[in-house]
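All remarks here apply to the structure that follows.
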Amino acid sequence: MTTDPETVGKGVLGRLDHLGKGGTAVIYRLPGFQLPGHPPLVYKEYKDRTRTIAGPALKRGLLDLVRRRLAMTDQQRAAWDRLVTWPLRVVVDGDEACGILLPLIPAAYFQDLHTRSGQRRRVPREVDMLFGDTKDMARIGLPATSGEQRRAVAVQIARVCALTHHRNVVLGDISGRNMVYDVSGPRPQVMIIDADAARVEGSRGAFGGQPQTPHWEPPEALLAASQLRAARKRGDQKSINTLLPRTTVQNRATDVYKLALMLVRVVDNGRGKAVNRKPDAALRIFRRAWGKPAAELLERAIGAAPDDRPAARELYESMRPGGPPAPKPRPQQQPQVPKPRPPDPPKTGTGPIENGKRAGSFVFVEGRGWVRDGR
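Sequential numbering of the sequence shown, starting at 1, is according to our numbering.
Below, the structure is given as structure tokens:
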């Protein structure tokens, strides 16, 4: 147990039960450690190489994430925790960050699959399982999902991305392996996992310039990577220094592109579709399911021009049940009563107008002309 709302020492975590590992970290379950009011926890310990590459930015970036959640109201945190496995504490070894505490992914997001050897393996039900051929996935034990369920999952994916942007968080590393789904209940649910690569908007993030996940690169990063290869061939160091950060760009626009790519792959699945970047079939599905405006927003979101991509919220609002909120009616304007106009000036040759002469509600005043009576 710890009273520090931001950090916890590695030494107090107790027994570490190995759960799995990836390229940057090892995951442990914590059977003897708990934070009051939180579900069971896991400890994500970064490998030495990861910590060395990240440098001092690691601790600063991770603390930014922890503080972002702590700054929310209780109600906001509860909603956030249902949608994201967010860093709850930074784990420190001395003065250095060595990992983070995360909530354990809820059991509803796990699936028992058959391995080739016939064994059963319990794994997170990642969204990329929806990209492939339904029959292929059924052979390894994944329940089939209907088109209606896929569209409902797509709505929830757009919703969670819109929420993160509303909280000024850029997810950065959006891919089919960083989100899990559950279609067992009356309404499909999704949850973001592996969110430590996110950053509070305007900050550098824990991992600085993070490489793009293969097959999820936005067009601007692909273009920069192509130009970078050419600059390296030329030995143009100035261009290399300029282009290198562009290959790892992570912002709202790149999030929206990756969101659109995920939506395309969820609704238009099939063999070979896990790396699909062609939205044609998905656009037809969007038109039938949510109408022309939603399809147009998806087309803009997956376009090459970052400035033309819509906000994640726009895309979600066009897809959510009931559609976007109706525009507020304009207040009705009262019909304007035409103002009385002064009489026409006398025709040439009729002579001067007599001072005080009246015509309707107007009177002629010498030196001023026709004015409304009483002014």
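A virtual CB, placed ideally from N, CA and C, is assigned to each residue, including glycine.
Compute the beta-carbon to beta-carbon distance between R67 and E6, rounded to the nearest angstrom, for a pair I have assumed lies under 8 Å. 7 Å
Just reading off the alpha helix (DSSP H) that V66 is part of, what are its end residues? A57 to L70
Counting Cβ pairs, one atom from each stretch, are 3 or more of them under 8 Å apart for the stretch 291-302 and the stretch 235-252? no
Opposing strand residues paired with P191 [DSSP bridges]: Looking at the sequence itself, residue 191 is Met, so the reference to Pro does not match. Paired residue(s): V180.
According to DSSP, what are the bridge partners of E299? According to DSSP, which records beta bridges pairwise, E299 is partnered with nothing at all.
Once the 5 residues before and after L70 are set aside, which same chain residues still bring their CB inside 7 Å of it? P5
For the alpha helix (DSSP H) that K238 lies in, which residues bound it at each end? Q237 to T247
What residue from R77, V256 and P106 has the CA that sits closest to G172's CA? V256
For L19 and A231, what's the separation of their Cα atoms in angstroms? 43 Å
In or out: A304 buried (at least 16 other Cβ within 10 Å) or exposed? exposed
Let me know the alpha helix (DSSP H) ranges lying completely inside the stretch 137-166, each 4 residues or longer, listed in chain order. 147-166
If I measure Cβ to Cβ from L63 and keep anything under 7 Å in the same chain, skipping five residues before and after, which residues do I get? E6 and V90
Which class does E217 belong to by DSSP, given the choice of helix, strand or coil? coil
Every unbroken beta strand (DSSP E) within the stretch 12-58, with a cutoff of 3 residues, ordered by chain: 17-21, 25-29 and 41-46
Measure the beta-carbon distance from G176 to R265 and round it to whole angstroms, keeping in mind my assumption that it falls under 8 Å. 7 Å
Range of the contiguous beta strand (DSSP E) that encloses D280: Note, D280: premise wrong, no beta strand (DSSP E); alpha helix (DSSP H) at D280 to W290.
Less than 8 Å separating the beta-carbons of V190 and V180? yes
With C-beta atoms as the reference, is D74 less than 8 Å away from P103? no
Within this structure, are the beta carbons of A206 and A107 separated by less than 8 Å? no
What does a CB cutoff of less than 6 Å around A295 pick up in its chain, not counting 5 residues either side in sequence? L283, F286 and R287
Between the alpha carbons of G14 and K135, how many angstroms are there, rounded? 44 Å
Could you tell me which residues DSSP pairs with V127 in its beta bridges? DSSP, once it has assigned bridges, lists no residue as partnering V127.
Which of the three DSSP states is assigned to R309 in this structure? coil
Can you give me the start and stop residues for the alpha helix (DSSP H) that R252 sits inside? R252 to V267
Round the Cβ separation of L113 and R121 to the nearest angstrom and send it over; I've been treating them as touching at under 8 Å. 5 Å
Terminal residues of the alpha helix (DSSP H) in which A198 lies: Run containing A198: none; DSSP gives neither H nor E here.
Local conformation of L171 per DSSP, three classes: coil
Can you tell me whether L261 is buried or exposed? The criterion is at least 16 other CB atoms within 10 Å of its CB, across all chains shown. buried
With 16 as the cutoff for other CB atoms within 10 Å, does L222 come out buried or exposed? exposed
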